[in-house]
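There are 2 protein chains.
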Amino acid sequence: MREQRPFAEDLGFLLSRASGVIAKSASEALSPLGLRVRSYSVLAFVAEEPEGVTQRRLAALVGLDPSQIVALVDDLEDRDLVTRRPDPADRRNKRITATGGGHRLRDEARRRIDEAQAAHFDRLPPELLHELRKTLHGIAFPDNPA
Amino acid sequence: MREQRPFAEDLGFLLSRASGVIAKSASEALSPLGLRVRSYSVLAFVAEEPEGVTQRRLAALVGLDPSQIVALVDDLEDRDLVTRRPDPADRRNKRITATGGGHRLRDEARRRIDEAQAAHFDRLPPELLHELRKTLHGIAFPDNPA
DNA sequence: TATTGTTATACTCTATAACTATA
DNA sequence: TATAGTTATAGAGTATAACAATA
Numbered sequence: 294m295r296e297q298r299p300f301a302e303d304l305g306f307l308l309s310r311a312s313g314v315i316a317k318s319a320s321e322a323l324s325p326l327g328l329r330v331r332s333y334s335v336l337a338f339v340a341e342e343p344e345g346v347t348q349r350r351l352a353a354l355v356g357l358d359p360s361q362i363v364a365l366v367d368d369l370e371d372r373d374l375v376t377r378r379p380d381p382a383d384r385r386n387k388r389i390t391a392t393g394g395g396h397r398l399r400d401e402a403r404r405r406i407d408e409a410q411a412a413h414f415d416r417l418p419p420e421l422l423h424e425l426r427k428t429l430h431g432i433a434f435p436d437n438p439a
Numbered sequence: 294m295r296e297q298r299p300f301a302e303d304l305g306f307l308l309s310r311a312s313g314v315i316a317k318s319a320s321e322a323l324s325p326l327g328l329r330v331r332s333y334s335v336l337a338f339v340a341e342e343p344e345g346v347t348q349r350r351l352a353a354l355v356g357l358d359p360s361q362i363v364a365l366v367d368d369l370e371d372r373d374l375v376t377r378r379p380d381p382a383d384r385r386n387k388r389i390t391a392t393g394g395g396h397r398l399r400d401e402a403r404r405r406i407d408e409a410q411a412a413h414f415d416r417l418p419p420e421l422l423h424e425l426r427k428t429l430h431g432i433a434f435p436d437n438p439a
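Chains as they are written, first to last, in the numbering used here: chain A, 294 to 439; chain B, 294 to 439.
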């Protein structure tokens with residue numbers, strides 16, 4: 294009879310708990326800005342694409358169903374953080390781009406996120422953080438070994 | 294102006310995506326057994342405590358609010374996987390213990406979970422998995438450096 | 001008064017299917 | 001016919017407050 298690892302050491306369980314801790318702290322950091330983790334993720338990806346992104350691509354980037362992107366973009370658009378315009382070349386596509394205010398809010402959000410995460414990651418050596426990033430990326434995107 | 298790391302490399306984002314991938318695969322592995330990730334977590338912790346666990350402690354172990362444990366234990370109890378009995382010494386406490394069937398289902402669930410996780414973790418060297426476990430534990434339980 | 005378990009409620013997140021407009 | 005975006009809906013997960021029984 295082999296010795297069994299306690300469930301508290303199960304990698305899936307630990308991943309879930311650690312992810313929950315970070316998400317909660319991110320959520321609290323973003324709350325004063327009127328952003329949630331998901332709307333911030335959308336804004337962050339949009340702000341990195343000067344040419345704009347389609348909602349389909351946004352869905353793939355964030356890891357949500359395209360139908361869920363609609364309300365997130367609606368909210369950001371209502372607050373003039375992004376614009377949503379049909380692509381003249383293919384009018385089925387909407388190109389989402391960040392406004393000046395969107396970029397500024399994204400910057401402020403990132404500062405807060407970084408500060409919140411520092412409390413969790415600060416004591417870990419940089420090489421370990423680098424390796425953690427690589428490992429998590431491999432798990433999250435098994436087909437895309439960057 | 295410093296070079297900024299793309300959001301796709303944000304540790305919180307990667308943690309969330311990786312955790313989601315593993316949770317989805319665990320969910321699919323457990324589904325044929327009529328278990329979800331949360332009910333399996335409860336069952337797994339209960340099965341490790343021959344003396345039984347209070348629901349309060351269970352909540353702390355799994356990382357849920359005590360009010361959420363009620364329905365989970367209700368379901369497991371209805372299926373005769375656990376028993377729920379008042380502690381004679383302090384009748385406010387309920388001692389939750391796993392039945393024979395509970396232990397058997399837990400074993401089968403663990404086999405399936407291990408198999409599902411192997412697909413994600415197999416190619417990672419054991420030392421890295423050990424370090425990952427340690428790192429995630431440190432993030433999830435900052436006060437309890439085991 | 002404090003603690004355990006419980007109920008109730010509301011909100012967020014997730015998953016899915018069906019519709020529209022364009023191609 | 002295929003694709004992008006949209007709407008609607010139901011289910012699961014999460015957070016909070018209040019209550020009964022017991023200490």
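Cβ atoms here follow ideal geometry from the backbone N, Cα and C, with glycine treated the same way.
- A straight-line Cα-Cα distance of about 10 angstroms links Ala337 (chain A) and Leu398 (chain A).
- Straight across, the Cα-Cα distance linking Asp436 (chain A) with Thr428 (chain A) is about 13 angstroms.
- The criterion of a C-beta distance shorter than 7 angstroms is satisfied by Leu328 (chain B) and Ala402 (chain B).
- For Ser334 (chain B), the chain A residues whose C-beta falls within less than 8 angstroms of its own C-beta are Phe300, Phe306, listed in chain order.
- Of all residues in the stretch 313-328 of chain B, the ones placed with a Cβ closer than 9 angstroms to any Cβ belonging to chain A are Gly313, Val314, Ile315, Ala316, Ser318, Ala319, in chain order.
- Nearest CB-CB separation between Arg350 (chain A) and chain B: not below the 7 angstroms threshold.
- DSSP places Pro325 (chain A) in no alpha helix (DSSP H); its state is neither H nor E.
- With contact defined as three or more Cβ pairs closer than 8 angstroms, the stretch 416-435 of chain B and the stretch 410-425 of chain A are in contact.
- With respect to Val339 (chain B), Ala382 (chain B) sits apart: the two C-beta atoms are not nearer than 7 angstroms.
- Sequence-ordered contacts of the stretch 418-435 of chain A with chain B read Leu421, Leu422, Glu424, Leu425, Arg426, Thr428, Leu429, His430, Gly431, Ile432, Ala433, Phe434, Pro435 [C-beta pairs closer than 9 angstroms].
- A straight line joining the alpha-carbon of Glu302 (chain A) with that of Gly394 (chain A) spans about 44 angstroms.
- At a cut-off of 7 angstroms between beta carbons, Ser360 (chain A) makes no contact with chain B.
- Nothing from the stretch 363-382 of chain B brings a Cβ to less than 8 angstroms from some Cβ of chain A.
- In the structure shown, Asp303 (chain A) adopts coil according to DSSP, grouped into three states.
- Taken through DSSP and simplified to helix, strand or coil, Asp373 (chain A) comes out as coil.
- Inter-segment contact for the stretch 317-335 of chain B and the stretch 366-385 of chain B is present: three or more beta-carbon pairs are separated by less than 8 angstroms.
- Proximity to His413 (chain B) across B:Gln361, B:Gly313, B:Pro343, B:Thr376 peaks at B:Gly313, based on C-alpha coordinates.
- With respect to the 7 angstroms criterion, Ser324 (chain B) and Ala409 (chain B) are not classified as neighbours on the basis of their beta carbons.
- Pairing Val346 (chain A) with Ile389 (chain A) gives a Cβ-Cβ distance under 7 angstroms.
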